[in-house]
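To keep things clear, I will list the structure first and then write my remarks on it.
Numbering (this note's numbering), first residue to last: 8 to 88.
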């Protein structure tokens, strides 16, 4: 399980599993439970690169980021390792 501490959003942490470049599981700590469960379900089985391109840059309430954007950052960090 990989972990990423979020910045500037309601969720505090994202935990995720990737196998062979495919997202297997995503769990957000705190945040808007229903929305984040939906996002997690929608990207399950998706290639990491595809998820990044779909989620990167999404803004929430003028914060300059969002929980989906933070997930894209977490996945980018994962790829850079």
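Each residue gets a CB set at the ideal place from its N, CA and C atoms; glycine is no exception.
Just to confirm, is the Cβ distance from residue 78 to residue 29 under 8 angstroms? no
Check: What separation, rounded to the nearest whole angstrom, lies between the Cα atoms of residue 100 and residue 65?
Finding: Shown here, the chain extends from 8 to 88; a query on residue 100 therefore has no answer.
Should residue 85 and residue 12 be called a contact, given that it needs their Cβ atoms to be closer than 8 angstroms?
no
What beta strand (DSSP E) runs, 3 residues minimum, are completely inside the region 11 to 41?
20 to 26, 29 to 36
Q) residue 80 by DSSP, collapsed to three states: which one? A) helix
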